[in-house]
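Numbering (UniProt numbering), first residue to last: 1 to 387.
Positions of the beta carbon are idealized from the N, C-alpha and C atoms, including for glycine.
Please read these numbers as outputs of a predicted model, since none were measured by experiment.
Pasting the structure below:
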């Protein structure tokens with residue numbers, strides 16, 4: 001039996017047998033149960049959906065501190081995929097509203113995920129049940145980004161709150177450890193320096209970034225170098241620098257401790273279109289950027305030069321909305337929802353492109369050909385996939 005999901009996830013079930021793991025995209029293997037005829041009924045595999053994307057809006061890819069997985073959201077789900085073999089996947093489905101962002105704690109034991117209602121759920125990653133540890137409502141409105149301190153004890157959350165646009169608090173009690181102020185519009189991005197003394201940076205629709213010291217975190221000053229929305233802010237892993245990326249096509253680099261400006265990447269402009277995401281290399285020397293100009297780029301920050309430019313195509317759907325640098329993997333997300341594994345040795349062609357559905361699946365059938373069974377699925381946006 002096959003079932004359809006409104007979030008683009010197709011599930012294949014087996015009746016009357018308890019088979020092992022099948023080749024393909026396995027999301028969750030449920031414990032066997034008995035149906036009404038006393039037959040063993042077990043879910044064999046789930047074909048994970050692509051990220052749910054929106055034109056002109058950043059899409060966050062969450063990295064695994066242990067380097068094994070990456071994660072993203074679609075509908076009410078958080079999807080975790082093995083970065084070496086993305087066919088191996090898992091899913092978290094406990095949000096009541098659309099999930100926008102999910103981030104691993106630096107310990108790797110928990111994930112914090114935030115939805116459009118302002119609910120933040122912190123849940124276990126070590127058990128298949130993904131038990132809920134804590135749930136908070138830091139503000140009433142869409143959560144757009146999440147950041148943890150390196151000891152996994154403090155969380156910063158930003159977004160579209162009504163009375164405030166951000167909050168920072170202890171993960172196990174919800175007690176405030178500072179205030180996120182200094183902006184007069186929606187905050188799109190937040191990050192925390194992963195070493196003491198702690199620093200926090202934010203980016204907003206008011207065209208500004210802001211710099212904080214703590215804990216308790218206190219507003220120090222506004223950074224007004226950008227001329228359009230600030231879509232992403234990220235500290236380097238070593239904490240020495242942080243970068244801001246904007247819809248104006250510029251990336252600025254700042255000192256991680258003082259907030260003093262160091263340089264603008266590419267001098268005049270880093271990209272010909274808006275920049276939606278940036279991600280540092282593990283050694284803090286390079287930066288990956290994703291842009292609406294349909295390219296991703298790798299920058300050598302120390303010498304302020306482009307190392308590689310990845311042209312992703314000429315269609316609107318080739319706009320780049322998200323990126324992640326994890327170990328040796330460089331990932332980007334296209335407006336099509338496709339996940340691209342970028343090749344530093346051959347920038348003109350990705351190593352692999354992960355395709356699938358990102359919209360609700362409307363029809364599904366199984367067809368046997370040459371002794372093999374194939375699943376044909378059709379989604380709301382007119383795409384047909386053969387699994």
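Backbone secondary structure at residue i - three-state DSSP
{"i": "residue 205", "result": "coil"}
{"i": "residue 28", "result": "Caution applies to residue 28, whose pLDDT of 37 falls short of 50 and renders its modelled position unreliable; the model cannot decide the point."}
{"i": "residue 318", "result": "helix"}
{"i": "residue 326", "result": "strand"}
{"i": "residue 102", "result": "strand"}
{"i": "residue 138", "result": "coil"}
{"i": "residue 286", "result": "strand"}
{"i": "residue 74", "result": "strand"}
{"i": "residue 345", "result": "coil"}
{"i": "residue 191", "result": "strand"}
{"i": "residue 83", "result": "coil"}
{"i": "residue 379", "result": "strand"}
{"i": "residue 269", "result": "coil"}
{"i": "residue 197", "result": "coil"}
{"i": "residue 159", "result": "strand"}
{"i": "residue 352", "result": "strand"}
{"i": "residue 331", "result": "strand"}
{"i": "residue 47", "result": "strand"}
{"i": "residue 96", "result": "coil"}
{"i": "residue 133", "result": "strand"}
{"i": "residue 279", "result": "strand"}
Beta-ladder partner(s) of residue i, from DSSP
{"i": "residue 218", "result": "213"}
{"i": "residue 178", "result": "217"}
{"i": "residue 63", "result": "70"}
{"i": "residue 338", "result": "BP columns for residue 338 are empty, so no partner."}
{"i": "residue 170", "result": "154"}
{"i": "residue 369", "result": "372"}
{"i": "residue 114", "result": "101 and 120"}
{"i": "residue 308", "result": "298"}
{"i": "residue 293", "result": "DSSP, once it has assigned bridges, lists no residue as partnering residue 293."}
Any chain B beta carbon closer than 9 Å to residue i
{"i": "residue 101", "result": "Among the chains in the structure shown there is no chain B, since it carries only a single protein chain."}
Exposure of residue i, with buried meaning 16 or more beta-carbon neighbours within 10 Å
{"i": "residue 165", "result": "buried"}
{"i": "residue 288", "result": "buried"}
{"i": "residue 321", "result": "buried"}
{"i": "residue 84", "result": "exposed"}
{"i": "residue 353", "result": "exposed"}
{"i": "residue 373", "result": "exposed"}
{"i": "residue 391", "result": "Residue 391 falls outside the range modelled here, since the chain spans only 1 to 387, and no answer is possible."}
{"i": "residue 260", "result": "exposed"}
{"i": "residue 231", "result": "buried"}
{"i": "residue 328", "result": "exposed"}
{"i": "residue 384", "result": "exposed"}
{"i": "residue 191", "result": "buried"}
{"i": "residue 209", "result": "buried"}
- May I have a chain-ordered list of the beta strand (DSSP E) segments no shorter than 3 residues that lie completely inside the UniProt repeat "WD" (223 to 264)? 230 to 235, 241 to 246, 251 to 255 and 261 to 264
- Task: May I ask you to verify whether the region 277 to 286 touches the region 232 to 240, counting CB pairs closer than 8 Å and requiring at least 3?
- Result: yes
- Count the C-beta pairs between the region 122 to 132 and the region 81 to 96 that are closer than 8 Å, then say yes if the count reaches three, no if not. yes
- Query: Counting pairs of Cβ atoms below 8 Å between the region 219 to 229 and the region 165 to 176, do you hit three or more?
  - Reply: no
- Query: Three or more beta-carbon pairs under 8 Å between the region 167 to 187 and the region 237 to 252, yes or no?
  - Reply: no
- Item | Cβ pair count under 8 Å reaching 3, the region 326 to 346 against the region 56 to 66 | yes
- Specify whether the region 261 to 274 and the region 197 to 213 touch according to this definition: at least 3 beta carbon pairs, one from each stretch, less than 8 Å apart. no
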